[in-house]
Amino acid sequence: ATDLTVLGIETSCDETAAAVVRGPLQKQILSNTIRSQIDEHSEFGGVVPEIAARAHIEILDRIVAEAMHEADCSWEDIDAVAATAGPGLIGGVIVGFMTAKAIAMAAGKPIVGVNHLEGHALTARLTDDLDFPFLLLLVSGGHSQFLLVRGVGDYERLGTTIDDAIGEAFDKTAKLLGLPYPGGPHVEKMAARGDVTRFRLPRPLLDRPGLDMSFAGLKTALRTQAKKLEPVDEQTVADLCAAFQRAISDVLAARTRSALEFFQERHPDTEPVIVVAGGVAANQEIRQSLLDAANAAGARFVAPPMALCTDNAAMIAWAGIERLRQGPVDDMALSPRPRWPL
Ligand code: KG4
Ligand code: ZN
Numbered sequence: 252a253t254d255l256t257v258l259g260i261e262t263s264c265d266e267t268a269a270a271v272v273r274g275p276l277q278k279q280i281l282s283n284t285i286r287s288q289i290d291e292h293s294e295f296g297g298v299v300p301e302i303a304a305r306a307h308i309e310i311l312d313r314i315v316a317e318a319m320h321e322a323d324c325s326w327e328d329i330d331a332v333a334a335t336a337g338p339g340l341i342g343g344v345i346v347g348f349m350t351a352k353a354i355a356m357a358a359g360k361p362i363v364g365v366n367h368l369e370g371h372a373l374t375a376r377l378t379d380d381l382d383f384p385f386l387l388l389l390v391s392g393g394h395s396q397f398l399l400v401r402g403v404g405d406y407e408r409l410g411t412t413i414d415d416a417i418g419e420a421f422d423k424t425a426k427l428l429g430l431p432y433p434g435g436p437h438v439e440k441m442a443a444r445g446d447v448t449r450f451r452l453p454r455p456l457l458d459r460p461g462l463d464m465s466f467a468g469l470k471t472a473l474r475t476q477a478k479k480l481e482p483v484d485e486q487t488v489a490d491l492c493a494a495f496q497r498a499i500s501d502v503l504a505a506r507t508r509s510a511l512e513f514f515q516e517r518h519p520d521t522e523p524v525i526v527v528a529g530g531v532a533a534n535q536e537i538r539q540s541l542l543d544a545a546n547a548a549g550a551r552f553v554a555p556p557m558a559l560c561t562d563n564a565a566m567i568a569w570a571g572i573e574r575l576r577q578g579p580v581d582d583m584a585l586s587p588r589p590r591w592p593l
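With the numbering used here applied, the sequence shown corresponds to residues 252 to 593, in that order.
Printed below as a string of structure tokens:
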């Protein structure tokens, strides 16, 4: 194989991002530019799709130019353009994928339409020395799922949330307790000051086999407990956050243990590996409980650097490289897809 230089574009949520990556041999991130829209959305307590799409339109050209400049690349140096074609907020996906198509057409380069989840799934192969198959736990604002990654384009979803995503549960809980958006980091900060024994929250679905998860009930249980104590003082908020975070960590650890058992049965001769991705992976207590679960199973735990765990364009460029390595790709006829399971 020879190395390819690929421009990646990511616009499926509230991050406008472009990156240039070189691989598969060198695995070099030549640039990784990102602009978050958190300020535009924070007053609404969540991402507003229409505002997101407009913000992507306004800034994407500049972000792409920055990524190209930082990588010291001209269009001739680029072998292909890869962009998220779904799943995600469709307005933003259209902006990014259509821009990518226009660039590819003008520069005479192939276009790769990348599934955003595939981007997350393959990132660890950019940052670590990692062969197929491996387990992926994706925990973000929009997704919570266990995937068996068997190869490029070869994924098996082993379990998913049946209601809220974990990040979403953190954000809704934060809102309920009067903490700012996005709630995850604030809940974590409060939890550090909380008494984890004061409140007892459920561990939804753990009494059932399989790898599915549920988090909506947790938020409801927390609301019920908070209501009884109104007005809620700061220590109570901290105690509730601690209980909430512990419940989530316990559920994830238990499911990770089951996922690793499944992996060892399915692939008895392969070293078990669990990779974590998504914004929730920033949470130290969750990280620690995943690491403990991996250690107990004799498995390797891989957590890419946070900037590559959360939404970014380097992962999209890398997924493009992985797809191109398998053979020629030209997704010019592909349409953006709001829903696109792996
Ligand atoms: O992957 P990400 O940046 O964006 C997508 O959702 O695609 O994840 C953002 C989510 C938000 O819901 C945020 O509250 C959560 O990750 N998050 C955290 C922490 N940092 C970010 N959740 C718990 N603890 C954290 N420290
Ligand atoms: Zn994502």
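Cβ atoms here follow ideal geometry from the backbone N, Cα and C, with glycine treated the same way.
Scan the stretch 470–532 and note each continuous alpha helix (DSSP H) run of 4 residues or more that stays entirely inside, going in chain order.
Taking only runs of at least 4 residues, the alpha helix (DSSP H) segments lying wholly in the stretch 470–532 are 485–517.
If you draw a straight line from the alpha carbon of Asp562 to that of Gly259, how long is it in whole angstroms?
Straight-line measurement puts the Cα of Gly259 at about 12 Å from the Cα of Asp562.
So which residues touch the region around the ligand ZN, with touch meaning a C-beta under 6 Å from any heavy atom?
Listed by chain position, these are His367, His371, Ser391 and Asp562.
Among Ala550, Val344, Leu399 and Asp422, which has the Cα closest to the Cα of Ala268?
Out of Ala550, Val344, Leu399 and Asp422, Val344 has the C-alpha closest to the C-alpha of Ala268.
Touch check for the stretch 547–560 and the stretch 456–476: three-plus C-beta pairs under 8 Å?
By the Cβ test, the stretch 547–560 is not in contact with the stretch 456–476, since fewer than three Cβ pairs between them sit closer than 8 Å.
In this structure, does DSSP put Ala564 in helix, strand or coil?
Of the three classes helix, strand and coil, the one that applies to Ala564 here is coil, per DSSP.
Integer-rounded CB distance, given that Ala318 should sit under 8 Å from Ser282:
With 8 Å as the limit, Ser282 and Ala318 qualify as a contact, their Cβ atoms being about 5 Å apart.
Identify the continuous beta strand (DSSP E) that holds Glu369 and give its terminal residues.
According to the DSSP assignment, Glu369 belongs to no beta strand (DSSP E) but to the alpha helix (DSSP H) extending over His367 to Thr378.
By the 10 Å Cβ neighbour count, where 16 or more other Cβ atoms means buried, how is Ala564 classified, buried or exposed?
With 16 or more other Cβ atoms within 10 Å, it is buried.
Locate the beta strand (DSSP E) running through Asp405, then write down its first and last residues.
For Asp405, the enclosing beta strand (DSSP E) stretches over residues Asp405 to Thr411.
Give me the Cα-Cα distance between Ala375 and Ala443, rounded to the nearest whole angstrom.
Approximately 29 Å, taken between the alpha carbons.
For the ligand KG4, is there a heavy atom less than 7 Å away from the beta-carbon of Phe421?
At least one heavy atom of the ligand KG4 sits closer than 7 Å to the Cβ of Phe421.
Measure the CB-CB distance between Ala467 and Asp422 and report whether it falls below 8 Å.
No.
Asn546 - containing alpha helix (DSSP H), residue span:
For Asn546, the uninterrupted alpha helix (DSSP H) run begins and ends at Gln535 to Ala547, by DSSP.
Can you give me the C-alpha to C-alpha distance between Pro453 and Ala498, rounded to a whole angstrom?
Using only the alpha carbons, I get a separation of about 7 Å.
Close Cβ partners of His394 (< 6 Å) along its chain, the five nearest in sequence each way excluded:
Beyond the five residues adjoining it in sequence on each side, His394 comes within less than 6 Å, by CB distance, of Ala416 in the same chain, given in chain order.
Are Gly434 and Lys426 closer than 8 Å when you measure CB to CB?
Annotated as proximal: Gly434 and Lys426, with beta-carbon spacing under 8 Å.
Regarding Val299 and the ligand KG4, is the C-beta to nearest heavy atom distance less than 7 Å?
Every heavy atom of the ligand KG4 is 7 Å or more from the Cβ of Val299, so no.
Report the three-state DSSP secondary structure of Phe421 (helix, strand or coil).
It is helical.
Whose C-alpha, out of Asp328, Gly297 and Ile537, is nearest the C-alpha of Arg273?
Residue Asp328 is the option with its Cα nearest to Arg273.
So, under 8 Å CB-CB, Pro338 and Pro589 are touching, yes? Tell me the CB distance rounded to an integer number of Å.
The C-beta distance from Pro338 to Pro589 rounds to 6 Å, short enough to fall under 8 Å.
Distance between beta carbons of Met464 and Gly410, contact taken as under 8 Å:
7 Å between Cβ atoms; contact.
Quick check on this structure: which residue in Val502, Leu503 and Pro523 has the alpha carbon closest to the alpha carbon of Glu512?
Measuring from the Cα of Glu512, the nearest candidate turns out to be Pro523.
Whole-angstrom C-beta distance between Phe397 and Leu381, which should lie under 8 Å
Taking 8 Å as the upper bound for CB-CB distance, Leu381 and Phe397 are not in contact here, some 17 Å apart.
Closest by C-alpha distance to Ala372, when choosing among Ile525, Gln535 and Leu575:
Shortest Cα-Cα distance from Ala372 to any of Ile525, Gln535 and Leu575 involves Ile525.
According to DSSP, is Val219 part of a helix, a strand, or is it coil?
Because residue 219 is not part of the residues shown, which for the chain are 252 to 593, the question remains open.
Nearest-angstrom Cα distance between Ala353 and Asp312?
Taking the straight line joining both Cα atoms gives about 11 Å.
Leaving aside the five residues before and after Ser391 along the sequence, list all residues of the same chain whose C-beta is less than 6 Å from its C-beta, in chain order.
Apart from the 5 residues on each side of it in sequence, Ser391 sits with its Cβ closer than 6 Å to the Cβ of Gly418, Gly529 and Gly530 in its chain, given in chain order.
Residues that Gly402 bridges to, as DSSP identifies them
The beta-bridge partner set that DSSP reports for Gly402 consists of Asp405.
With Arg517 and Leu462 assumed to form a contact (beta carbons below 8 Å), what rounded beta-carbon distance in angstroms separates them?
At roughly 13 Å, the Cβ-Cβ gap does not stay under 8 Å, so Arg517 and Leu462 are not in contact.
Alpha-carbon to alpha-carbon, Ala357 and Ser509
Distance between the alpha carbons of Ser509 and Ala357: 49 Å.
At 3 residues or longer, what runs of the beta strand (DSSP E) sit wholly inside the stretch 264–296?
Counting whole runs of 3 or more residues, the stretch 264–296 contains the beta strand (DSSP E) stretches 266–274 and 279–287.
Does the beta-carbon of Asn283, which I'm using as the reference point, lie nearer than 7 Å to any heavy atom of the ligand KG4?
Not one heavy atom of the ligand KG4 is found less than 7 Å from the C-beta of Asn283.
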